[in-house]
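Start counting the sequence shown at 637; every next residue gets the next number (my numbering).
Note that beta-carbon positions come from the ideal geometry of N, C-alpha and C, so glycine has one too.
Input: a single structure, listed below in C-alpha cells.
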Amino acid sequence: MDVMGDKATLLETGRFVQPADFSESAGDLSQPMDRDETGEAAEEARQLLAAQSGDVEAMSVLGALLLRRGDLDGAEPHLRAATAAGDRAAANNLGVLLHQRGYAEDAAGWWRIAAVAGSAAAAHALGRHHRERGDEPAAEYWLRQSAEQGHALGAYALADLLEHRGDTGAEQWMRIAAERGHREAAYRLARALDRRLGPEGDVGDDHGAGAEAEQWYRQAAARGHRRAALHLGAILERRGALKEAGRWYLTSAKDGEARAACALGFLLRDAGDTESAAVWWLRAAQDGDGNAANALGALHAERGEPQTAERWYRAAMDAGDDNGAYNLGLLCAEQGRTVQAEQWYRRAAYAGHREAANALAILLLQGGDAAGAEPWFSKAAEAGSVDAAFNLGILFAGRDEETVALRWYERAAAAGHTEAALQVGIARLRDGDEAEAERNLRCAAGGGSAEAAYRLATVLDARRPPVPAHSLGEPVHTEKSECEEWYERAASQGHRRAQVRVGMLAAARGDVVEAARWYREAAEAGSRNGAFNLGLLLAREGSDPEAAVWWARAADAGHGRAALRLALVYARRGELAEGQRWADRAVALGPAEVSERAARLRDALREELSA
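So, in C-alpha cells, the structure goes:
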C-alpha cells in the first residue's frame, strides 16, 4: 500500500544519506535505492552480525535495508527491537512497515513516537496521515514540525496544505522546499510566479517574477521534472533561444510529455525539418495530444492527402480539440463540400471556437442567409475574433448602417486589423477629422494596405507647400518628401493611382526616366491616366507615334483628354475623318472643358471636309 512521503523517510540512522534528487511524490517507501548488489549484501551481513551482538544502531539499519528490499517479515523484528531500545529512526521505519501492511493507525502511533523524539521524517509522515483523514489542524501541526526541522518533504506538504486553504504563507514554505531541492516545489513555485505575469506575460524577462520563474523552472527541469522542462522550453522559444528550447523540449518529450513532443515538432517544422517534426507530432498525437493531431492533419493536407488529413483532424476532435472540427470544416470547404463544411463549422462554433463561428457566418452569407450569418459574426466578434468584427462592419455598411459599421470597424482596427483601420480612416476623412483619419491610415498603411498608403499620401500631399515647376529633363536634386515615400510604397504594391502620382512627382522633379517607368507600369496595369500621361511624356520627347498608341488605349478606356489629343494628332496629319471621329469621342467623354474644345475642333474638321 502506498504511503505519504518519500523514500527518504526510511533513512534516519545517519549512516545512509539519501541523495538530493529524491522523488517528491507520494509513493512506496520500501522501494530501494540503486546500489551495487554485492556491496549491499556485504553491508547487510556486517549489520546482521552487529545486530546479533546487540548493537541497536545495527538493528535499525538492518531493518531499514530489509524494508527497502521489500522483506517486511525480515525487517519487522529488527525494527521492533531497535524501537524498543529507543531508536527513533527504527520507530519511523516501523511505522512505514505497518502502513505498507495496511495498519495505518498502528503506523501513525509509531510515527508519533518518532516525531515526538525529534524525527522530521516521522512528523512529515504523521502530518500526511492526518491530512488524508481530514484532520487538517493536526496535519498542519506535524507538517510544520517537520518543515521547521529542515525536512524538504515536510516543507512541501505544509505549503501544499496552506495553498489549498488559500493561506498566504504557502509560498514561503514552497520556496523553502524548493531551495532544499524539492523539484515539485520548484515547479509549483515557478508556476505561481508565472501566473502573476498573466497569460501573455513575458516569463523570459531578465528581471522580476519572470526571471525568478525561469530560475525555478530550470532547477526543476534539471532534476528531471518533465513539465518544468516543457515550460522552460516555451520561455526560451519565446525569447528566440531555439536551440536550447529544443533541448528542453526533447528532454521533456523523451520523458513522456506529449505537449513537449508537439512543441518540438513545431520547432523542427519551422527549422525546415518537416519529416522529423512529423515523427514527434505522431508520438504526441498517439499520446492524445489534439494539437499534434491537427498539425499532422495540416501536414497531410498540404501534401495533397485529404483522407489522411481528415483522419488526423477527427483524432484531434476525439481528443477534445475543437480545432479538429474547425479544420475539418476548412478541408471540406476547400473540396467544395459545403454542407459538410457547415456541419463541422457549426460543431466547432457551438463549442466556442470563434474562428469557426466566423467561418460559418461567411458560409451562410455566401449562401444568401445574411440574417443567419449576423448572430454568428456577433458571437465570434464578442469572443475576440478580429476578422468577425471587421465582417460585421462590412455587413452593416452594406445595409447603410454606417454608425454601427464604424463601431465594428473601430473595434477591429483597435485590434490591429489593417483593412478595418483603412475603413475607419476613410470614414474620419469623410467626417473631416483629419488627425484621427491620419492615425488610422498610418496604422493600415504600416500593416501593408496599398490603398491606405495612397490615401495617407494624399492627406500629407495636401499639406505640402507648392513645389516650383521644372522643365522636363532638368536635373533637380531634392530629397523625397514623406508623402512621396508613401506614394511609392503604394505604387510598389501595384496601386495604379499611386503609380501615376509617383510619375507626376518624378516629372515635376525633372526625372523623365523615373516618370516614364511609373506611367508605363500604371498604364500596363490598366490605368487610363497612366496611359495618357505616358503619351504626353513621349510626345514631349518627340515620340508621337508611340504617344498616339497610349492615348488610344486611354481614350478606349474613357479618357476624354486622350481622345482630344488623338483628334489633334490626326488633324495635323491631314487624316480629317479620323480626327473628326476622335473629336466626337472626346465630346462624348468630357469633361465639360474637353467637350467644348473637342466640339470646336470637330466642327472645324467637318467644315474642312465639306469644303
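- A distance below 6 angstroms between beta-carbons, with the five flanking residues on each side excluded, links Ala750 to the following residues of its chain, in chain order: Arg724, Ala727, Asn728 and Ala758.
- Ala995 is the residue among Ala984, His989, Ala995 and Ala952 whose C-alpha sits nearest the C-alpha of Ala969.
- For Leu715, the CB contacts under 6 angstroms within the same chain, skipping 5 residues up- and downstream, are Gly699, Ala726, Asn729 and Leu730 in chain order.
- Less than 8 angstroms divides the Cβ of Glu1072 from the Cβ of Arg1064.
- The closest CA to that of Trp1186, considering only Phe1168, Gly802 and Ala1193, is found on Phe1168.
- The shortest C-alpha to C-alpha distance from Arg919 to any of Trp948, Asp830, Asp906 and Glu1244 is the one to Trp948.
- Pairing Glu1229 with Arg1238, the inter-Cα distance amounts to about 14 angstroms.
- When the alpha-carbon of Arg983 is set against those of Asn963, Gln1002 and Gly1162, the nearest one is in Asn963.
- If you look at Tyr739, you'll find it isn't in any alpha helix (DSSP H); DSSP assigns it neither H nor E.
- Rounded to whole angstroms, the separation of the alpha carbons of Arg883 and Ala775 is 41 angstroms.
- If you look at Arg862, you'll find it in the alpha helix (DSSP H) that goes Arg862 to Arg875.
- Going by DSSP, Pro713 is part of the alpha helix (DSSP H) stretching over Leu708 to Ala720.
- By the criterion of a C-beta distance shorter than 7 angstroms, Lys1015 is surrounded in its chain by Ala993, once the five residues flanking it on both sides are discounted.
- With a cutoff of 8 angstroms on beta-carbon distance, Leu1173 and Val1148 are scored as near each other.
- A distance of 8 angstroms or more separates the beta carbons of Ala1051 and Ala1088.
- Of Arg939, Met953, Asp909 and Gly908, the smallest CA-CA separation from Ala928 is found for Met953.
- As summarised for the stretch 771-803, the continuous alpha helix (DSSP H) elements at least 4 residues long and confined to that stretch are 772-784 and 788-801, given in chain order.
- Assignment of Pro1181 by DSSP, reduced to helix, strand and coil, places it in the helix class.
- Take Arg939, set aside five residues on each side of it, and no residue of its chain has a beta-carbon closer than 8 angstroms to its own.
- The shortest CA-to-CA distance from Ser782 to any of Trp809, Glu768 and Gly802 is the one to Trp809.
- One thing to note: Trp916 has its Cβ no nearer than 8 angstroms to the Cβ of Leu932.
- Gln1129 sits in coil when the DSSP states are folded into three classes, being neither helix nor strand.
- DSSP places His936 inside the alpha helix (DSSP H), whose first and last residues are Gly926 to Glu938.
- Rounded to the nearest angstrom, the gap between the Cα atoms of Ala1213 and Gly1196 is 18 angstroms.
- With 16 or more other CB atoms across the displayed protein chains lying within 10 angstroms of its CB, Glu978 is buried.
- Taking the C-beta atoms as reference points, Tyr1090 is found no nearer than 8 angstroms to Arg1035.
- Taking C-beta separations shorter than 6 angstroms and ignoring five residues to either side along the sequence, the partners of Leu702 in its chain run Gly710 and Ala711, following chain order.
- Per DSSP, the unbroken alpha helix (DSSP H) holding His766 starts and ends at Ala756 to Glu768.
- Taking a C-beta distance under 8 angstroms as the contact criterion, Ala1234 and Ala1203 qualify as a contact pair.
- In this structure, the straight-line span from the alpha carbon of Gln976 to that of Gly924 is close to 25 angstroms.
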